[in-house]
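I have placed the structure first, in the form of structure tokens, so that the comments after it can refer back to it.
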């Protein structure tokens with residue numbers, strides 16, 4: 355009986371991993387009702403392409419403000435602007451560099467506070483496709499239901515190892531939340 359149960363759990367884990375790996379989230383363009391003064395883009399630092407995508411969202415007018423969560427505390431706004439070719443006026447009005455978070459869970463906490471302080475109602479979350487499910491789950495856990503969140507994934511070519519580790523992290527966080 356125990357062997358069957360363990361076999362069933364293993365089969366479920368394998369099937370879940372396959373679904374996770376082959377159905378990675380995609381980027382999205384304009385979102386109905388998702389632009390304007392009450393909208394923002396949250397970019398989680400880490401992998402290549404995330405900040406560029408966030409800036410593209412901002413420049414296209416799909417969001418009015420941008421938080422880059424998880425920035426190294428030593429990075430100065432002028433350095434960021436120079437590196438990513440951000441106009442100083444855009445940097446001043448619309449880009450916040452968040453340096454309080456160090457992982458996905460604290461990214462969500464940092465974003466929650468920033469969203470609350472600015473009375474944001476619509477959020478576009480930008481992170482890598484392989485990271486999106488866990489990042490979205492963490493953010494949804496801390497935001498009120500009244501804040502709409504759109505997943506805007508940056509396409510990557512993740513290795514099997516990255517997918518495996520991320521899938522295990524997602525399951526561990528969800529399971530950990532269940533037993534609390």
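In the numbering used here, the protein residues as written are 355 to 534.
Cβ atoms here follow ideal geometry from the backbone N, Cα and C, with glycine treated the same way.
All values derive from a computational prediction rather than experimental measurement.
Neighbourhood of residue i by C-beta, 7 Å cutoff - its chain only, sequence neighbours within 5 removed
| i | result |
| --- | --- |
| residue 465 | 396, 421, 423, 493 |
| residue 468 | 421, 450, 452 |
Where the alpha helix (DSSP H) through residue i begins and ends
| i | result |
| --- | --- |
| residue 458 | 458 to 472 |
| residue 520 | 514 to 532 |
Assigned secondary structure, residue i (DSSP; H/G/I helix, E/B strand, else coil)
| i | result |
| --- | --- |
| residue 398 | strand |
| residue 440 | coil |
| residue 415 | coil |
First through last residue of the beta strand (DSSP E) which encompasses residue i
| i | result |
| --- | --- |
| residue 488 | Segment 486 to 496 is the alpha helix (DSSP H) holding residue 488; no beta strand (DSSP E) there. |
| residue 422 | 419 to 423 |
CA nearest to the CA of residue i, picked from the options
| i | options | result |
| --- | --- | --- |
| residue 501 | 459, 394, 526, 365 | 394 |
| residue 460 | 409, 399, 411 | 399 |
| residue 503 | 478, 417, 523 | 478 |
| residue 462 | 402, 401, 489, 520 | 489 |
In DSSP terms, what residue i is bridged to
| i | result |
| --- | --- |
| residue 453 | Answer is none; residue 453 lacks a bridge partner. |
| residue 504 | 478 |
| residue 393 | 476 |
Proximal residues to residue i (C-beta, below 8 Å), its chain only, five neighbours per side dropped
| i | result |
| --- | --- |
| residue 366 | none |
is_contact[residue i, chain B] using C-beta, thresh 8 Å
| i | result |
| --- | --- |
| residue 382 | Here chain B cannot be found, since the structure has a single protein chain. |
Close beta carbons around residue i, own chain, < 6 Å, minus the five adjacent residues each side
| i | result |
| --- | --- |
| residue 375 | 517 |
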